[in-house]
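Adding 1039 to a residue's 1-based position in the sequence shown gives its number in the numbering used here.
Ideal Cβ positions, reconstructed from N, Cα and C, are used throughout, including at glycine.
Take a look at the structure below.
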Amino acid sequence: MTISMTTCAAGAVTLVLASYLVYDSFSGNT
């Protein structure tokens, strides 16, 4: 269960980070 929780947390952080980077990239281009 610990590994599953860690994987889920890592996935969520990666998703948020990716979304932020993409949003920042769009903001910087415009």
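Nearest-angstrom Cα separation, counted from residue j out to residue i
i: I1042; j: Y1059; result: 25 Å
i: V1052; j: F1065; result: 20 Å
i: G1050; j: V1061; result: 16 Å
i: V1055; j: A1048; result: 11 Å
i: A1057; j: D1063; result: 10 Å
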